[in-house]
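*Asks:* Here the sequence shown stands for residues 1 to 477, where the numbers follow full-length UniProt numbering. Ideal Cβ positions, reconstructed from N, Cα and C, are used throughout, including at glycine. Please read through the structure below; I'll follow up with questions.
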Amino acid sequence: MAKQPMLKFVHTAKEMPQKRDADVRSHDFNEIYREFADEKAKEQASRCSQCGVPYCHTHCPLHNNIPDWLRLTAEGRLQEAYEISQATNTFPEICGRICPQDRLCEGNCVIEQSGHGTVTIGAVEKYITDTAWDMGWVKPIKPATERAESVGIIGAGPGGLAAADVLRRAGVQVTVYDRYDRAGGLLTYGIPGFKLEKDIVMQRVKQLEDGGVEFVLNCNVGTDISFDAIRGKHDAVLIATGVYKTRELTDPGSDAAGIVRAIDYLTVSNKLSFGDEVPEFEDGTLNAEGKRVVVIGGGDTAMDCVRTAIRQGATSVKCLYRRDRANMPGSQREVQNAEEEGVEFVWLAAPAGFSGNPVSSVTVQKMRLGAPDASGRQSPEKIEGGLYEEEADLVIKALGFEPEDLANQWESKDLETTRWGTVKASFGTHATSIPGVYAVGDIVRGASLVVWAIRDGREAGDAILRYLENQAAVAAE
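Here it is, written out as structure tokens:
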């Protein structure tokens with residue numbers, strides 16, 4: 001495969017007009033960086049042992065053909081590597097950036113298991129897809145034929161967008177409804193820009209828009225439009241709302257000013273990266289600058305919050321988690337990143353109350369691990385007398401998310417849900433209790449990973465196509 005041609009300058013920078021100096025330096029840096037990145041990608045890809053049982057493949061929710069595109073990358077065949085990567089993953093440049101590879105592909109790499117350090121699969125995946133965008137290898141969505149059927153997708157997060165991609169490429173008319181002012185869901189407003197640059201998300205949204213997907217934004221289903229109205233407008237409907245209901249604190253003083261939800265804090269931070277004016281940031285409500293910040297929780301959202309607070313200039317950032325480090329649900333790589341940036345983790349610690357309004361301190365209860373619970377994890381137990389005060393000007397609740405009561409909100413009693421409030425959907429097809437209605441992602445699984453939502457969306461897209469074809473066959477009889 002031909003490499004990207006390098007521009008050649010006839011004159012040196014000294015001989016050029018001064019106004020071109022900056023352009024020359026920028027170009028030289030970009031070329032040097034590209035050559036360095038290409039060299040590192042090939043170096044890492046060549047470390048793959050091409051083992052007979054590729055655990056990286058089997059431990060990837062999308063079952064990406066990782067050894068194949070690593071081999072092609074090592075051989076310098078980047079376009080072919082991209083095409084294999086894209087064949088199983090709608091958004092490889094996003095997964096390369098935010099997947100917890102240490103728990104999935106990289107953590108199960110045989111090179112890692114043998115003690116020689118994993119192949120950096122995520123970094124290579126990111127590189128080959130970024131290169132594909134730069135080189136024009138990412139093709140626009142152009143259906144061979146247009147179809148009359150339409151599908152309404154509720155939720156513009158990774159699951160909904162992955163399904164939209166499958167359906168639109170098949171020529172189906174697709175409309176995506178979302179509560180936010182920009183598409184992308186948690187990719188846009190939940191994950192910080194230092195982990196996932198927002199232009200990376202927006203270029204995929206634009207690809208879908210240019211390919212004919214219609215986005216209806218600032219649209220709350222159940223308020224701005226009814227669920228029944230969406231069903232009436234479309235031949236099939238996909239529910240991909242995600243889970244946004246925050247688990248709340250019930251400790252004394254938990255309603256004080258200065259105690260905020262993680263989703264609100266991260267959304268404001270991400271809006272700023274788009275250049276939006278956000279009053280809650282300007283007035284200090286959701287701004288960590290100069291504050292003593294305490295984040296409560298131990299998942300990936302908590303890691304996003306502590307690392308965002310550091311970047312906003314917090315005086316100190318502490319993370320309280322009721323279990324120990326080994327039992328923390330968040331990525332260990334993210335914990336390490338946060339520690340290197342100055343975050344202090346307080347293990348075996350849980351909030352017991354809050355003082356002041358606005359908040360001035362957190363009463364912390366020391367914990368110990370007791371007997372395992374039903375899931376096999378050791379249950380945290382209070383240590384008698386183990387209370388102390390932790391000063392705080394901003395407390396961020398990152399306790400996880402729960403599903404909203406969609407059946408009641410949407411006045412759709414036929415939509416069956418589980419005892420946890422998630423939507424019941426068939427494994428593989430993602431069909432719900434209502435004919436022609438499907439559901440994917442966190443609203444089915446509970447809070448989970450982006451890569452699982454992408455897999456669900458791709459599967460549901462295929463299942464909806466089969467449903468539409470069956471409906472057409474019945475109508476033709």
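Assuming E106 contacts I121 under a Cβ cut-off of 8 Å, what Cβ separation, rounded to an integer in Å, is found between them?
*Replies:* Confirmed, about 5 Å.
*Asks:* Ignore the nearest five residues each way along the sequence and tell me which others in L70's own chain have a CB closer than 6 Å to its CB.
*Replies:* Correct list, in chain order: A45, C48.
*Asks:* What three-state label does DSSP hand Y177 in the structure shown?
*Replies:* DSSP places Y177 in strand when its eight states are reduced to three.
*Asks:* Starting from F227, trace the alpha helix (DSSP H) both ways and give me its first and last residue.
*Replies:* Where F227 is concerned, the enclosing alpha helix (DSSP H) stretches over 227-233.
*Asks:* For P54, count neighbouring C-beta atoms within 10 Å of its own C-beta (all shown protein chains included) and say buried if the count is 16 or more, exposed if not.
*Replies:* By the 10 Å Cβ count, P54 comes out buried.
*Asks:* For the candidate residues G313, R182, G385, P100, whose alpha-carbon lies nearest to that of A123?
*Replies:* Per the Cα distances, P100.
*Asks:* Check whether the stretch 181-198 touches the stretch 139-152, taking contact to mean three or more Cβ pairs, one atom from each stretch, closer than 8 Å.
*Replies:* The answer is no - the stretch 139-152 does not touch the stretch 181-198, with fewer than three Cβ pairs under 8 Å.
*Asks:* For the beta strand (DSSP E) holding M328, just list the boundary residues, first then last.
*Replies:* Looking at the DSSP string, M328 is not in any beta strand (DSSP E), and its letter there is neither H nor E.
*Asks:* I'd like the list of long-range same chain contacts for G299, defined as Cβ closer than 7 Å, with 5 residues on each side in sequence excluded.
*Replies:* Here the set comprises P329, G330, A398, G400.
*Asks:* For I230, which residues in the same chain have their Cβ closer than 8 Å to its Cβ, ignoring the five residues on either side in sequence?
*Replies:* Contacts found: G152, I154, Y177, V221, V237.
*Asks:* Count the other CB atoms within 10 Å of the CB of residue 482; is the residue buried (16 or more) or exposed (fewer)?
*Replies:* Only positions 1 to 477 of the chain appear in the structure, and residue 482 is not among them; the question remains open.
*Asks:* From the DSSP output, in three-state form, read off S85 for me.
*Replies:* Note: S85 maps to helix in three-state DSSP.
*Asks:* By Cβ distance below 6 Å, which residues in the same chain neighbour A167 in space, the five residues on each side in sequence not counted?
*Replies:* This sequence places Leu at residue 167; Ala is not what is there. So the list reads V151, V174, G461, once near-sequence residues are dropped.
*Asks:* Alpha carbon to alpha carbon, how far is H430 from K424?
*Replies:* Rounded to the nearest angstrom, the two C-alpha atoms are 9 Å apart.
*Asks:* In its own chain, which residues sit with a C-beta less than 6 Å from the C-beta of T88, not counting the 5 before and 5 after it?
*Replies:* The residues are L62, N64.
*Asks:* Going by beta carbon distance, what residues of the same chain come within less than 6 Å of C109, once the five residues before and after it are set aside?
*Replies:* Counting only Cβ-Cβ distances below 6 Å, and skipping sequence neighbours, we find C56, T118, V119.
*Asks:* What does a CB cutoff of less than 6 Å around I84 pick up in its chain, not counting 5 residues either side in sequence?
*Replies:* Closer than 6 Å at Cβ, skipping near neighbours: N65, D68, W69.
*Asks:* Threshold first: 4 residues or longer. Then list the alpha helix (DSSP H) segments lying entirely within the stretch 203-267, N to C.
*Replies:* Taking only runs of at least 4 residues, the alpha helix (DSSP H) segments lying wholly in the stretch 203-267 are 227-233.
*Asks:* On a CA-only basis, which of N327, R322, A74, T145 is nearest Q365? Give me that one, please.
*Replies:* The shortest Cα separation from Q365 among N327, R322, A74, T145 belongs to R322.
*Asks:* Which of the three DSSP states, helix, strand or coil, is assigned to I153?
*Replies:* Correct three-state label for I153: strand.
*Asks:* Could you tell me the boundaries of the alpha helix (DSSP H) in which A352 lies?
*Replies:* First-last for A352: 349-355, but that is the beta strand (DSSP E), not the alpha helix (DSSP H).
*Asks:* Below 8 Å on the Cβ atoms is my guess for V260 versus F281; work out the distance and round it to an integer in Å.
*Replies:* Going by Cβ atoms, the distance from V260 to F281 rounds to 12 Å, so no, they are not a contact pair.
*Asks:* Evaluate contact between the stretch 203-214 and the stretch 387-398, counting only Cβ atoms and requiring at least three cross-stretch pairs below 8 Å.
*Replies:* Flag = no, the stretch 203-214 and the stretch 387-398 do not touch.
*Asks:* Please state if the CB of V346 and the CB of F354 are separated by a distance shorter than 8 Å.
*Replies:* No, these two residues do not count as a Cβ contact at 8 Å.
*Asks:* Whose C-beta lies closer than 7 Å to the C-beta of R103 among residues of the same chain, with five residues either side of it excluded?
*Replies:* Hits under 7 Å: S331.
*Asks:* Please go through the stretch 425-475 and give each complete beta strand (DSSP E) segment of 3 or more residues, from N-terminal end onward.
*Replies:* List check, beta strand (DSSP E) in window: 437-439.
*Asks:* Give the single residue among Y127, E112, R97, P92 whose Cα lies nearest to the Cα of E39.
*Replies:* The option with the nearest alpha carbon to E39 is Y127.
*Asks:* Quick one: residues in its chain with C-beta nearer than 6 Å to the C-beta of W137, no 5 flanking neighbours on either side, listed in chain order?
*Replies:* If we look at W137 and ignore the five residues flanking it on each side, its Cβ neighbours are Q79, Y82.
*Asks:* Let's test the definition: count the other Cβ atoms within 10 Å of the Cβ of I206 and tell me whether it reaches 16, buried, or not, exposed.
*Replies:* The sequence shown places Lys at residue 206, rather than the Ile named in the question. Exposed: under 16 other Cβ atoms inside 10 Å.
*Asks:* Going by DSSP, what residues sit across from F345 in a beta bridge?
*Replies:* Answer is C319.
*Asks:* Would you report the Cα separation of G414 and E404, rounded to the nearest angstrom?
*Replies:* The residue asked about is misnamed: residue 414 is Asp in this sequence, not Gly. Near 16 Å, if we compare the C-alpha coordinates of E404 and D414.
*Asks:* Would DSSP call T363 helix, strand or coil?
*Replies:* T363: strand per DSSP, three-state reduction.
*Asks:* Identify every residue that forms a DSSP beta bridge with P380.
*Replies:* L369.
*Asks:* Taking C-beta to C-beta, are G441 and G242 nearer than 8 Å?
*Replies:* It is a contact, given that the beta carbons lie within the stated cut-off.
*Asks:* Quick one: what does DSSP say E477 is sitting in, helix, strand or coil?
*Replies:* Coil.
*Asks:* Are R147 and G171 touching if we call contact CB-CB under 8 Å?
*Replies:* In contact: R147 and G171 (Cβ atoms closer than 8 Å).
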